[in-house]
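Residues in the sequence shown are numbered consecutively from 1, following the working numbering.
Written out below as structure tokens is the structure these notes cover.
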Amino acid sequence: MPRSRSDKPARAVAPWVRTRLRTAPWAAAALALLVLVTAYLAAALPRAVDRYETEGLRHDIRSAEPRNAVLELTTPIPLSEHGPGLDPGLIQRKSDEARALLPEPILTDPEQTVHGVRTLKRVEGLDPWLPQPDGLLPEFALSAPSRLPEHATLRKGRLAAGTADAPEAVVTTQTAESLHMKPGSVVHVPSKTSPKPLAVTITGIVEPRGPQSPYWAVEPLLRTPALTAKVGDEIKYYWQGALLLSPTSAPLVLSTNTEPELFFRYMPTAGHLTGRDTGRLASALDSAASGPDLVKLRKAVGGNAALTTDLDAIVDSYRSMREAINPVVAVAVFGVGTVAAVVLAMTGGLFVARRDSELALLRSRGASLTGIGLRLLGETSAVTLPAAALALGLAVATVRPPEGGSGGIPLAPSVLAAALVALIAMLVLPVRAVVRHRRPRLHGGRDDLLTARPSRRRTVLELTLLVLAVGAVASLRLRGTDGSGDSGDPLVSSAPVLVGLIAASVLVRIYPLPLRWLARPARRLRGAVGPLALARAGRAPSSGTLPLLALVLALATAAFGGSVLAGVADARDRAALLATGADARIGGYVEWTPLPAGLTESVRGLPGVRDVAPVQIEYGVSLPSVQGTAVEPMSAPIVGVDPASYTRLANRTGFGPFPAGLLASTGKGGEDAVADTERVLPAIASPKVAERLGRAPIGIIAAAGAFRVKVVAVRSTTPALDDADFLLVNGADLTHRTNTQLLVTGPVDGTALRAAVKAKSSRLDVALRSEKRATYVDSPLQSGAERIYLGAIGAGAAFAVVALLLSLLQSAPERNTLLARLRTMGLTRKQARRLLGLEALPQAVLAALGGILVGLATVPLLAPGIDLFRLALGTAPEFAPLDSAPLRADPWSLVLPALAVVVLTGLAAVGQAWWVGRRGSIKELRAGDAR
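Below you can see the structure in the form of structure tokens.
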């Protein structure tokens, strides 16, 4: 008999996922929020890194000097050329064709593209009316640049036209003023083919538009004449300038006694470039300079053309900085990522603990592990997948590509990061539930830290982590994170995390010991709160190792990140202080500029000035050697100081401090001591100078006088100079005493200081330490990496708080029940607060101590392999006053987060006791209810 439709099995009225989500909506919302925040951070990280790398590349290209960034294609003009090949239209077509052949991703600005004809060497101006300071004829560069009317404004006369037989030119206002030119002036230059000189008529005077634009800045001589020194038996000066020929007058250069050439100048743009284009850009520049693309360019412009540029050096500098910074940033990313993963695992553990009896009941009634796991997976997927998708959308919407250019940020890294977070959040609950209930368990068995025994698998895992940590630390110390070799190895970047894991494992193993040691003296105390709290702390579930692990890792990450930022700040402070010598430095624009009378007193009276130290510096003094004249010559600056004020300055800065008595005055100085060349001045020298001079008195001849010096002390640095070599003497003992620089200490206002200095002399420059320090943070690559570090520290701290709250929530029902039952036995509210606080503090104190110890061990352990130089100063060591920027432990980063953990733990425990005291306890006192 066929079955009717009513005989079919009825569908479940309450599907699993919908029922569970409706039963515990707040738990689902909390999980969704945690996944949303974690996935957003994970998805935003690669976009933020890509953004600041792109900004860094564009900044380096845009801020470079035009003469360094420009692409200049030049080709010599053959001897057979008589003029037709210099037709302006023909040169324009060659320029356009060559510009189109530049390989991608090189793009150039058409507004700044220049081409034309010029002379390689300058030619002499033969007219007697031209200025001749020391009797030397001025020299002119002959150039016929294109598009001059678009980049200059006519001030007098008219623009040049002319021909090869009657050439015409214009000059800039500065050239006309310096070389006494005006419209109608005729400049004669030597001819190659005739004894009769060539005549160039000046038809107008032009004012450059945008003097700092690439059109004028690549060849400053076209805009501004220069008074140049010619060194021989004596130094003589002569003028150099430029005559801007019209394009139709360009064939004139063929008749001069110099080598002419065609030039094509292209200014690269950076708005379309991204940080991922550095490899392609470097390859394109190599190909255009000496590869297949150079062959194409030569065919376009003719002749043996050559492309010259320093853009490749700019790109290489950017790449080296990025390779030096990224591994340091990766350390912070690994740390906060590990803490986030542990927190997600703790969330799954909390859910498993809350539903342990439910899952055990299902297993006892025949539910399969596969069925339970798939249902839990569907339950978590319904929460985590929408949250991760929303987080990805928020990351894409909030972290946008840099403005003012093209080129987007790839989506794949963000998608993978958000998917990884969602995968961990989805799997942690079903996996932990399946592992926990793979075998039926007896109810009521103890599972706490005091009685738990580590399994063999855990021991093997801890030993594996130990081996990895030792390998990572050894690799980091040997290879470092300087961007060479494989310094971007994830194993190296995870060294602090591995050290934290090992420390957390050790702390979990030794955790029972202090509780047992404290249990005996606690028994002698009056009252039951202390012993009961210690007993409760020892009965914490063995799964409580995850909170301890999360807290230790978060504290270690915060300590390491804070130490990195403190090391960066310290390096910048020291570099700026070494460059200026004090909070402010006053000196001439040129060497040996004497300070005007009364300047020291005027500066000393300014608000904020605490001390001033006048010094006399003479550079390039030839130093004799105790080994005679056979050794290589050497020179070094001599610094005449006032020992009292200079000693105070050296003590404050920490640069070569010394007792003032070492430079005690001999009482012989000034103009009266000119003839006394045998007097001996005590001196403090740098190591190299001290080695050269020896310990015995030796004669010195300088502009400050002739005398003998005896090295009485050796110092590696001194405030007055950032050079490696120096010689300090008492300024009062010099024959010709003239202070040339003033070192100012104190928070003086820069505007007021400059006004006071300008009132005395306009030839003096004022350098502030604060302004010098600001120059060390001029790249978005540096500031972006620092923001990532700050964000990682903040995220790690937030995840540590979440881990703390999750650990308290996991045992909250049991604590509520305990307090309710103890209150029926007379426990007061004050005792309840003490009980919960003392119960929670042991693990928090252990985590705090562990985090401090891990930070103290990690920083010195990894410091030899981490150099923060490029992150701190943004330049190579040979271009900065410091040799290195080592990592150092920051006490505040070690102590403050640890104290915050302890304080937050105590406040959470007190808050729980207060909340339990306000609400009723009927639910907790129901018989047989373990919740």
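Ideal Cβ placement from N, Cα and C applies to all residues, glycine included.
Rounded separation between residue i and residue j - CA only
{"i": "D134", "j": "R298", "result": "44 Å"}
{"i": "P659", "j": "V328", "result": "41 Å"}
{"i": "G444", "j": "S505", "result": "Here the model assigns G444 a pLDDT of 49, short of 50, so the residue's position is not dependable, and the following value carries that caveat. One C-alpha to the other measures close to 27 Å."}
{"i": "V648", "j": "V712", "result": "Sequence inspection shows Arg at residue 648; the Val mentioned does not correspond to that position. Using only the alpha carbons, I get a separation of about 19 Å."}
{"i": "P292", "j": "P103", "result": "10 Å"}
{"i": "A584", "j": "D642", "result": "18 Å"}
{"i": "R20", "j": "V434", "result": "18 Å"}
{"i": "P138", "j": "S762", "result": "30 Å"}
{"i": "T75", "j": "R93", "result": "15 Å"}
{"i": "E259", "j": "G303", "result": "14 Å"}
{"i": "A397", "j": "A412", "result": "15 Å"}
{"i": "I409", "j": "S290", "result": "32 Å"}
{"i": "A503", "j": "L853", "result": "9 Å"}
{"i": "L361", "j": "R355", "result": "10 Å"}
{"i": "P401", "j": "A32", "result": "28 Å"}
{"i": "A913", "j": "T557", "result": "31 Å"}
{"i": "P66", "j": "G874", "result": "20 Å"}
{"i": "S484", "j": "A797", "result": "Any reading at S484 must be qualified, since the residue scores a pLDDT of 47, below 50, and its modelled position is unreliable; the value itself is stated next. C-alpha separation (whole angstroms): 32 Å."}
{"i": "R99", "j": "L244", "result": "24 Å"}
Bridge partners - residue i, DSSP secondary structure assignment
{"i": "R265", "result": "E72 and V114"}
{"i": "A152", "result": "P208"}
{"i": "E168", "result": "T201"}
{"i": "N326", "result": "N326 pairs with nothing; no bridge assigned."}
{"i": "A141", "result": "A242"}
{"i": "F658", "result": "None; F658 has no bridge partner."}
{"i": "V744", "result": "A584 and V612"}
{"i": "F560", "result": "BP columns for F560 are empty, so no partner."}
{"i": "T718", "result": "L721"}
{"i": "Y237", "result": "A229"}
{"i": "A713", "result": "I684"}
Of the residues the options, the one placed nearest residue i, counting alpha carbons only
{"i": "A576", "options": "A872, P131 and P197", "result": "A872"}
{"i": "A752", "options": "A847, I409 and P607", "result": "P607"}
{"i": "G54", "options": "R322, R93 and V35", "result": "Note that residue 54 is Thr in the sequence shown, not Gly. Checked all of R322, R93 and V35; the closest Cα to T54 is R322."}
{"i": "A495", "options": "A332, L565 and I510", "result": "A332"}
{"i": "S807", "options": "L841, T370 and L819", "result": "L841"}
{"i": "F726", "options": "R679, L130, G791 and I617", "result": "I617"}
{"i": "A755", "options": "T738, A797 and V603", "result": "V603"}
{"i": "L221", "options": "A847, I700 and K121", "result": "K121"}
{"i": "Y238", "options": "L179, G911 and S194", "result": "L179"}
{"i": "V910", "options": "A885, M346, R815 and S80", "result": "R815"}
{"i": "S645", "options": "V631, G366 and T600", "result": "T600"}
{"i": "G241", "options": "E219, N257 and E259", "result": "E219"}
{"i": "T380", "options": "Q132, R99 and A28", "result": "A28"}
{"i": "Y589", "options": "A613, A559, Q741 and T629", "result": "Q741"}
{"i": "G561", "options": "K668, D312 and A792", "result": "A792"}
{"i": "L390", "options": "A690, T718, A422 and H437", "result": "A422"}
{"i": "S143", "options": "T172, V336 and E671", "result": "T172"}
Beta-carbon gap between residue i and residue j smaller than 7 Å
{"i": "L469", "j": "L344", "result": "Rather than Leu, the amino acid found at residue 469 in this sequence is Ala. The answer is no: Cβ separation not under 7 Å."}
{"i": "G157", "j": "G204", "result": "yes"}
{"i": "G348", "j": "V473", "result": "no"}
{"i": "V189", "j": "A169", "result": "no"}
{"i": "Q810", "j": "A353", "result": "yes"}
{"i": "P214", "j": "M267", "result": "yes"}
{"i": "A898", "j": "G826", "result": "no"}
{"i": "T288", "j": "L307", "result": "One detail in the question is off: residue 288 reads as Ala in this sequence, not Thr. For A288 and L307, yes; Cβs fall inside 7 Å."}
{"i": "V744", "j": "A597", "result": "no"}
{"i": "L551", "j": "A847", "result": "yes"}
{"i": "V339", "j": "F799", "result": "yes"}
{"i": "L819", "j": "A803", "result": "no"}
{"i": "L56", "j": "P780", "result": "First, the amino acid is wrong: residue 56 is Gly here, not Leu. Contact: yes."}
{"i": "L595", "j": "G669", "result": "no"}
With a threshold of 8 Å, are at least 3 pairs of Cβ atoms found where one atom belongs to the stretch 761-772 and the other to the stretch 32-45? no
Counting pairs of beta carbons, one from the stretch 48-67 and one from the stretch 778-788, are three or more of them closer than 8 Å? yes
Under 8 Å: do the stretch 249-264 and the stretch 160-168 share three or more Cβ pairs, one atom per stretch? yes
Given 8 Å as the limit, is there contact between the stretch 697-712 and the stretch 677-686, that is, 3 or more CB pairs closer than that? yes
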